[in-house]
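The structure appears right after this line, and notes come after that.
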């Protein structure tokens, strides 16, 4: 699962940006397979007033070089992604979520991607990646593997911290059904406007993150 910054703050209206990897003729992923903002906020037991921004992008680079968070999914035939967050947030609580859906040519290729995601966590316990230069899109991640919830036919999971213009804790679940892989990351962040910038005390709950991943897998044919 690709891990993205929670600093994509939602506005009152939805800006749409979709980037699809060229797909073979059999591919049938469509934006409607991504959950709505209401579905995400409900699954995470958060405020119902959330927004969604379709967003599917890979970091320009990473340090160490082989630690791009999207690397395990490079062989996908097609992918969709979206960022989610509350329309209104407070300096003490700034939750968000990132969802990616990947379609692979075969179930074996999808299974290899989930295994590769688990390997990335083991080999890249700390890394820095960037989505633009001379901007706030430079993020340092710390990751550690945790017991994976039972989601789909195969899954892996990790928790971590992220540092950029704010400090965050996050939980990621990557799960597979057939040739489809879903990657869900849920963030708990402190706003840059907080009086004292510090990491949140707790990681996002495993049950909520797993519930969201399971709901998305169930909706994809």
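Residue numbers (our numbering): 6 to 226.
Using N, Cα and C, we set each Cβ at its ideal position, and we do this for glycine too.
Check your understanding: If you run the structure through DSSP and keep just helix, strand and coil, what is residue 79?
Key -> coil
Check your understanding: Thinking C-beta only, is residue 164 closer than 8 Å to residue 149?
Key -> yes
Exercise for review: Indicate, with yes or no, if the ligand GDP has a heavy atom lying under 7 Å from the CB of residue 112.
Suggested key: Here there are no bound small molecules, and the ligand GDP is not part of this structure.
Review point. Do the stretch 54 to 68 and the stretch 82 to 95 make contact, defined as three or more Cβ pairs closer than 8 Å?
Key: yes
Exercise for review: Following the continuous alpha helix (DSSP H) through residue 125, name the residue where it begins and the one where it ends.
Suggested key: 112 to 128
Point to revise | Inter-residue Cα distance where the pair is residue 144 and residue 215 | key: 24 Å
Check your understanding: Does the beta-carbon of residue 53 have 16 or more other beta-carbons within 10 angstroms, so that it is buried, or is it exposed?
Key -> exposed
Practice item. With DSSP collapsed to three states, give me the class of residue 2. Key: For the chain, the structure presents residues 6 to 226; residue 2 sits outside this window and is missing.
**Study point:** Whole-angstrom distance between residue 49 and residue 210, CA atom to CA atom
**Key:** 9 Å
**Study point:** Assigned secondary structure, residue 105 (DSSP; H/G/I helix, E/B strand, else coil)
**Key:** strand
Point to revise | Burial state of residue 207 (16 or more Cβ within 10 Å) | key: exposed
**Study point:** Supposed close pair residue 101, residue 194 - CB separation, criterion 8 Å
**Key:** 7 Å
Point to revise | Exposed unless 16 or more other CB atoms sit within 10 angstroms - verdict on residue 157 | key: buried
Exercise for review: Identify which residue in 124, 172, 89 has its Cα closest to the Cα of residue 205.
Suggested key: 172
Practice item. Apply the 10 Å Cβ neighbour rule to residue 128 and answer buried if 16 or more other Cβ atoms are within range, or exposed otherwise. Key: exposed
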